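S.K.: Under the working numbering, the first residue of the sequence shown carries the number 24, and numbering increases by one thereafter.
Just so you know, even glycine gets a beta-carbon here, dropped at the ideal spot from N, CA and C.
Just so you know, these numbers come straight off a predicted model, no measurement behind them.
Questions regarding the structure given below will be posed in turn.
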Amino acid sequence: MTETALQQPAGQPKAKHFVGRLLAAFRNSFAGYRHAIATESAIREELLALILLVPVSLVMPVSQVEHLLLLLSLLLVILVELVNTAIEATVDRISLERHPLAGQAKDLGSAAVFTALLMAGLTWTMIAGPIVMRWWRG
Numbered sequence: 024m025t026e027t028a029l030q031q032p033a034g035q036p037k038a039k040h041f042v043g044r045l046l047a048a049f050r051n052s053f054a055g056y057r058h059a060i061a062t063e064s065a066i067r068e069e070l071l072a073l074i075l076l077v078p079v080s081l082v083m084p085v086s087q088v089e090h091l092l093l094l095l096s097l098l099l100v101i102l103v104e105l106v107n108t109a110i111e112a113t114v115d116r117i118s119l120e121r122h123p124l125a126g127q128a129k130d131l132g133s134a135a136v137f138t139a140l141l142m143a144g145l146t147w148t149m150i151a152g153p154i155v156m157r158w159w160r161g
């Protein structure tokens with residue numbers, strides 16, 4: 024099989040120009056998002072957290088860098104969850120048999136998601152925590 028045949032999904036002509044490749048990349052990315060939202064409850068929950076917490080961060084009196092850190096911490100969780108979902112799909116595609124390496128791959132993906140969630144939680148606690156405590160106390 025040629026290198027081009029390995030990279031291009033069957034039935035889709037290869038885009039020859041930058042704009043065509045860019046449009047194909049967007050189309051594939053949105054197909055991935057649609058699939059993840061339709062099939063993965065964790066993605067839906069993390070997107071809900073993003074939708075709820077971004078407006079909260081916008082009303083907080085913090086610097087632009089802190090706003091960015093709050094947003095990026097949430098996006099990191101979604102990114103790692105997407106990668107974990109891809110790992111799980113790949114492992115399941117290879118074989119549904121129980122194998123120690125398959126379990127290890129899935130466990131490592133899960134650990135990566137947990138680490139991203141921990142990072143987001145710490146970021147929000149350190150930046151938003153003191154502000155929320157001041158608001159709470161009045």
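Roughly how many angstroms separate the alpha carbons of residue 43 and residue 81, rounded to a whole number?
M.R.: About 36 Å.
S.K.: Assuming residue 97 and residue 143 make a contact with CB atoms under 8 Å, what is their CB distance in whole Å?
M.R.: That pair is a contact at about 6 Å.
S.K.: Among the candidates 49, 101 and 95, whose CA atom is the shortest distance from the CA of residue 68?
M.R.: Cα-wise, what sits closest to residue 68 is 101.
S.K.: Less than 8 Å separating the beta-carbons of residue 54 and residue 103?
M.R.: No. Outside cutoff.
S.K.: Going by alpha carbons, who is nearest to residue 157 out of 84, 92 and 56?
M.R.: Nearest of 84, 92 and 56 to residue 157, Cα basis: 84.
S.K.: Give the straight-line distance between the Cα atoms of residue 147 and residue 121, rounded to the nearest whole angstrom.
M.R.: Spanning the two alpha carbons is a distance of roughly 38 Å.
S.K.: Secondary structure at residue 119, three-state DSSP: helix, strand or coil?
M.R.: Residue state, collapsed to three classes: coil.
S.K.: Kindly indicate which residue of 92, 107 and 72 has the alpha-carbon position closest to the one of residue 129.
M.R.: Of the listed residues, the one whose Cα sits closest to residue 129 is 107.
S.K.: If you follow the alpha helix (DSSP H) that residue 58 is part of, which residue opens it and which one closes it?
M.R.: Unbroken alpha helix (DSSP H) run through residue 58: 41-62.
S.K.: Restricting to Cα atoms, I'd like to know which of 145, 131, 92 and 95 is closest to residue 110.
M.R.: Among 145, 131, 92 and 95, the Cα nearest to that of residue 110 belongs to 131.
S.K.: So for residue 153, helix, strand or coil by DSSP?
M.R.: Here residue 153 sits in helix by DSSP.
S.K.: Report back the beta-carbon spacing between residue 93 and residue 151 to the nearest angstrom; my notes put them in contact at under 8 Å.
M.R.: Residue 93 to residue 151, Cβ: 7 Å. Contact.
S.K.: Just verifying my parser: in three-state terms, what is the DSSP assignment at residue 142?
M.R.: Here residue 142 sits in helix by DSSP.
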